[in-house]
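Asker:
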Ligand SMILES: Cc1cc2nc3c(=O)[nH]c(=O)nc-3n(C[C@H](O)[C@H](O)[C@H](O)COP(=O)(O)O)c2cc1C
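Numbering (this note's numbering), first residue to last: 437 to 618.
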């Protein structure tokens, strides 16, 4: 897909058919994430794809509760991708600490979007999930206690292919040239 069209077509999918996702498609999405840039080429991530129905059900159960149920839709995704934050290279840690920037989180976000854009190209739907219970998911997937989960990505076959109009802040509040806010 032409890039502008791809960016317009990518949207958070919250209605999935429940069908499994082809591993070849998942691998192409992973390859796109693998190619993502990162501070000092630190690549402070690893991806755990959960497509086993039983494990997936256990993971998605940790994305909502009775009280806060907005992520319940994730149960219909064909796979849940868990983005684990790995230790960045020392140079990136030092640079981030001097400049007071969480480079790892920035890096993870870029890699997540690479994954989502390739998924869009594949005709799949995605939703990045920042709301989940980290500890039980770590335990389920045997993620070491020294590691944190940055994000989850729900990926699957959308049950509605309508592209919604994007809700974005006004252009003049979004960008300016040569001076802030002008
Ligand atoms: C870091 C991050 C965390 C997010 N967490 C959630 C989430 O927990 N649940 C959800 O439904 N959407 C989540 N989203 C999706 C956003 O709500 C969505 O990207 C935004 O509303 C813009 O809509 P669009 O993706 O359809 O363009 C998250 C997105 C990002 C980037």
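Every residue gets a Cβ at the ideal spot worked out from N, C-alpha and C, and that includes glycine.
Here the structure is a predicted model, which means the values were calculated and not measured.
Let me check you understand the geometry: is the CB of residue 602 closer than 8 Å to at least one non-hydrogen atom of ligand 1?
Answerer: Yes, the Cβ of residue 602 comes within 8 Å of a heavy atom of ligand 1.
Asker: Confirm, please, whether the CB-CB distance from residue 517 to residue 568 is below 9 Å.
Answerer: Contact flag unset, no.
Asker: Beta carbon of residue 622: closer than 8 Å to some heavy atom of ligand 1?
Answerer: This structure does not reach residue 622, given that the chain is present from 437 up to 618, and the question cannot be answered.
Asker: Write down the C-beta distance between residue 555 and residue 611 rounded to the nearest angstrom, noting that I regard them as a contact closer than 8 Å.
Answerer: Contact flag wrong, Cβ pair sits at about 27 Å.
Asker: Measuring only the C-alpha atoms, how far is residue 582 from residue 566?
Answerer: Taking the straight line from one Cα to the other gives about 19 Å.
Asker: Three or more C-beta pairs under 8 Å: does that hold for the stretch 582 to 593 against the stretch 517 to 528?
Answerer: Segments in contact, yes.
Asker: Could you tell me which of 546, 511, 559 sits nearest to residue 521, measuring between CA atoms?
Answerer: For the residues 546, 511, 559, the minimum Cα distance to residue 521 belongs to 546.
Asker: Restricting to Cα atoms, I'd like to know which of 543, 505, 456, 601 is closest to residue 473.
Answerer: Minimum Cα distance to residue 473 is reached at 543.
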